[in-house]
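Read through the structure below, which is laid out as structure tokens, and then see the notes.
Numbering (the working numbering), first residue to last: 900 to 1631.
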């Protein structure tokens, strides 16, 4: 039977349909949503082979594993339904590349390793094209085979009867290294190398051939394909950069690779047709499935002197004990179902349980009654297995306690923000969240509290009447384009030529001003970091945001990283900055505390981007538009006058353009989002208001630095010049 058409009645005998807090389904959902992983996932499976001692040995070992799988050394797929295989691989394939999410965070994206990982991740995500994201390509392959699953972001995906626990377990190693971040960087590199060299499992490729759905997903992963060659080159480049960083830990890299290989072997083994459940197994599953619905209807029915309702209570259900008592009751004649009142009267028309059980479920009862003559009790092995299953579920209490603890810390985080946690400290906390060995579980609540505070402040500035007066209401894609064009025209052509006022600045003042931009510049693009999280892709919007994020980080070339451009300009003036995630960076006395206002907002949005997508799109538009026009041109002219490299400003004035640059991509992302809202029937007015509040948050976060600079330079330069030209520069 095709897995897509499994009738609901068959689920009673399918324990995998039940989802517990400790099940692979639930763990998959939690990891995909960015929630903490259970501690029992901290270890990696032991390798059956010694760790290779270098890159070439590692590559050779992975190639040997691939060849072993091709030869059928791993468990085969004889007799496995193609639909079962293709659907089962979906939880992994739909999130292709997720394991690299932590390697492309802004805190370490300015070096060779970060650049190589970013390019590898970008390739997995379709290089900015939503239709070519590997997850989207796999979805298209499923559709070509006539198969479909619920949206991976929906609860229905986790509960789908078309998927087994083992299908989710295969994806967990990749999601885990993505969440654990820097603490598992070598393992993430090993996992990516293994995923790239091994490619889709041979059993999946053979199932695709049988189902005749050899689409682009399989074509791009085929041996000799250009995309596959590029992916392997980039995976090797990542490992070379890791080795060049000094003291590479190849044992940890191999551990990450082996965890994927072990998960693949376990998943492939799970595809073998399962033996039919025994009569006792099927009947136990049926009682467990029906108990919560039966509870409350059997107060007058008694088994061995006890009310059946007491035994059916879900809080203390013991299905085995119920069946042992039922087998000795007047309703059952062991070995003779045709003489047992349970199936001859109770479930028939006129009986107290007519319509409660399907024909298939009545067949389960009859088979169990028939087996009672030979097996009056469940086999000992079954009792042992069920006891182990119950013990495996015991960590649930610990997970719930952890959730309560997180909530408690969340209250502490909000209190810290309200009490005025210094901006440099908040910058460091948010940037280094999930750092090496120090998972800051308060970071999400700190981010939430900060963003909520900013949005609350700008709420008064954003209303339909004010937006209408400015030409931004009601929402329309054409109206947005017209408004952006008009605003950019003002930024480029209108206003006085302030180059003369700018010449009033001394060289030292120019360097000082440039220094105040460093906390934001070294993490340029940070507001879009959330687009790399497993829960954020693949969607039609995420690849566009990822395209902008990649550009801000240098498009895979460290010399083009925007933070490195500014670092070089300052270094030429004798000012060398420590790494942005170092405590020494935020403690530099030459930084104004207000210089951290904008980047803190970016980092806070990155932590909450999934729930704040409309606001994020508005913020993104504001950031990109700020880089265009007279303000940056005057800033560049000022630096040239003092023979300071102005390219940081020239760069933004070109790549942020509204024709084919970041501003154009920002408009397209907003349009796609609003179109999706309209298709779902969401309220466009509410979405538009949220979008423009995010846009207004940019100016709000810029003001503290503008005012602080005005205190120092205002008496000579005048407030109007500072407001007009530093308002944009303060954010970049």
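Here a beta-carbon is modelled for each residue, glycine too, at the ideal position from N, C-alpha and C.
- Work out the CA separation of residue 1543 and residue 1495 for me, nearest whole Å. 23 angstroms
- Please look up how many angstroms separate the CB atoms of residue 989 and residue 1433, rounded, as I've assumed it's under 8 angstroms. Going by Cβ atoms, the distance from residue 989 to residue 1433 rounds to 14 angstroms, so no, they are not a contact pair.
- Task: Assign residue 1205 to one of two classes, buried (16 or more other C-beta atoms within 10 Å of its C-beta) or exposed (fewer than that).
- Result: exposed
- Query: In whole angstroms, what separates the C-alpha of residue 1134 from that of residue 1115?
  - Reply: 21 angstroms
- For residue 1691, does the count of other Cβ atoms within 10 angstroms reach 16, so buried, or fall short, so exposed? This structure cannot settle anything about residue 1691, because the visible part of the chain is limited to 900 through 1631.
- Alpha-carbon spacing of residue 1244 relative to residue 1274, whole angstroms: 24 angstroms
- Mind checking residue 1481: buried by the 16 CB within 10 Å criterion, or exposed? exposed
- Task: Using the Cα positions of residue 954 and residue 1058, report the straight-line distance between them to the nearest angstrom.
- Result: 41 angstroms
- Query: Taking Cβ positions, are residue 1566 and residue 1383 nearer each other than 8 angstroms?
  - Reply: yes
- Distance between residue 1378 and residue 1454 (C-alpha atoms, nearest Å): 31 angstroms
- Item | Outcome for residue 1610 when other beta-carbon atoms lying within 10 angstroms are tallied against a minimum of 16 | exposed
- Query: In three-state DSSP terms, what is residue 1205?
  - Reply: strand
- Message: Helix, strand or coil, according to DSSP, for residue 1542 in the structure here?
- Response: coil
- When DSSP labels each residue in this structure, what does residue 1144 get in the three-state scheme? coil
- Query: Just reading off the alpha helix (DSSP H) that residue 1374 is part of, what are its end residues?
  - Reply: Counting along the chain, residue 1374 falls outside any alpha helix (DSSP H), and DSSP gives it neither H nor E.
- In three-state DSSP terms, what is residue 1361? coil
- Is the region 1052-1072 touching the region 978-998, taking contact as three or more C-beta pairs under 8 angstroms? yes
- Ignoring anything shorter than 4 residues or poking outside the region 1058-1097, list the alpha helix (DSSP H) runs there in chain order. 1064-1079 and 1084-1097
- So what does DSSP say about residue 1264, is it helix, strand or coil? helix
- Item | residue 1032 - DSSP class collapsed to helix/strand/coil | coil
- Query: Distance, Cα to Cα, residue 1563 vs residue 1556?
  - Reply: 7 angstroms
- Item | Start and end residues, alpha helix (DSSP H) containing residue 1489 | Taken as a continuous stretch (DSSP letters only), residue 1489 belongs to no alpha helix (DSSP H), as it is neither H nor E.
- Quick one: which unbroken alpha helix (DSSP H) runs of 4-plus residues sit fully inside the region 1149-1174? Chain order, please. 1149-1169
- Message: Counting C-beta neighbours from all protein chains within 10 Å, is the total for residue 889 16 or more, i.e. buried, or is it exposed?
- Response: This structure leaves residue 889 out entirely; the chain is present only between 900 and 1631.
- Message: What would DSSP say about residue 1380, mapped onto helix, strand or coil?
- Response: helix
- Message: I'd like to know whether the C-beta atoms of residue 1350 and residue 1503 end up nearer to each other than 8 angstroms.
- Response: yes
- Provide the residue span of the alpha helix (DSSP H) that contains residue 1463, from first to last. 1461-1470
- Cβ atoms of residue 1138 and residue 930: under 8 angstroms apart, would you say? no
- Message: So, with DSSP's three-state summary, where would you put residue 1216?
- Response: coil
- Query: Of all the options 1552, 1547, 1534 and 1516, which has the alpha carbon lying nearest to the alpha carbon of residue 1573?
  - Reply: 1516
- Message: Do residue 927 and residue 1035 count as a contact pair if the criterion is CB distance below 8 angstroms?
- Response: no
- For residue 1109, I'd like the list of residues in its chain whose CB is within less than 6 angstroms of its CB, leaving aside the five on either flank, ordered along the chain. 981
- Simplified DSSP state of residue 1197, which is helix, strand or coil: coil
- Query: Apart from the five residues just before and just after residue 1093, which ones in its own chain have a Cβ nearer than 7 angstroms to its Cβ?
  - Reply: 961, 1156, 1159 and 1160
- Just the Cα atoms here: how many angstroms apart are residue 1525 and residue 1031? 31 angstroms
- Could you pull the start and end residues of the alpha helix (DSSP H) that residue 849 belongs to? This structure gives no information on residue 849, because the portion of the chain shown stretches from 900 to 1631.
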